[in-house]
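To get the working numbering, take the position in the sequence shown, counting from 1, and add 20.
Just so you know, even glycine gets a beta-carbon here, dropped at the ideal spot from N, CA and C.
Working notes, structure below.
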Amino acid sequence: MCRPPGTPDDTDEPPAPAGFAEALAARNAVVHVSRRCAGPGCLQRSIATFLLCRIRGTVPEWCTGVRVSPFRAHAWVEVDGSPVGELGEVRHFHKVMTVRPVIVVRDDD
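Written as structure tokens, this is what we have:
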């Protein structure tokens, strides 16, 4: 697989959890360059934000959720439980799936 210059590969250390400022900068970059991501395309925006963070060597949490009245589905990224760049209505969604960074502890014995 081709990787952009500076992209971590399988031999590098695992990615660190993203900080809020890093994730917000990635989201803002995605929204700035993509009309689809700037609009109602929450799935595209959240995945693009997640992947841009990953390319930069960090990983936020990626979440999907639903609410039932009225029914709506949504996708977003979080850092330490705080939605990144989202309006307050995200708290009304019940999380269905969350992808979290994996913290690898290596024993060098």
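Give me the Cβ distance between A58 and V104, rounded to the nearest whole Å; I'm assuming they're in contact under 8 Å.
Here residue 58 refers to the residue found at position 38 when the sequence shown is read from its first residue. Here residue 104 refers to the residue found at position 84 when the sequence shown is read from its first residue. With a Cβ gap of about 15 Å, A58 and V104 do not count as contacting.
Where does the unbroken beta strand (DSSP E) through V97 begin, and where does it stop?
Here the question's residue 97 lines up with position 77 in the sequence shown. Looking at the DSSP string, the run of the beta strand (DSSP E) that includes V97 is 91-99.
Compare the beta carbon distance of C83 and T118 with 8 Å and say whether it is the shorter of the two.
Here the question's residue 83 lines up with position 63 in the sequence shown. Here the question's residue 118 lines up with position 98 in the sequence shown. Yes, they are a contact pair.
Could you pull out every residue in the same chain whose Cβ sits closer than 8 Å to the Cβ of A39, ignoring the five residues on either side in sequence?
Position 19 of the sequence shown, counted from the first residue, corresponds to residue 39. It is Gly, not Ala, that sits at residue 39 in the sequence shown. Counting only Cβ-Cβ distances below 8 Å, and skipping sequence neighbours, we find T78, V99.
With E42 as the anchor, note down where its alpha helix (DSSP H) starts and where it stops.
In the sequence shown, the residue the question calls residue 42 occupies position 22. Here the alpha helix (DSSP H) through E42 covers 40-53.
Can the beta-carbon of T69 be found closer than 8 Å to that of R47?
To locate residue 69, count along the sequence shown from 1; it is residue 49. To locate residue 47, count along the sequence shown from 1; it is residue 27. Yes, Cβ-Cβ distance for T69 and R47 is below 8 Å.
For H114, write down the residues that DSSP places opposite it in a beta bridge.
Taking the sequence shown and counting its residues from 1, one reaches residue 114 at position 94. Bridge partners of H114: V86.
Check the C-beta distance from H114 over to G85 and give it rounded, since I have them as a contact under 8 Å.
Position 94 of the sequence shown holds residue 114. Position 65 of the sequence shown holds residue 85. Sure, about 6 Å apart at Cβ, within 8 Å.
Compare the Cα-Cα distances from A45 to each of R65, R56, A95, P34 and report the closest residue.
Working through the sequence shown from its first residue, we reach residue 45 at position 25. Closest by alpha carbon: R65.
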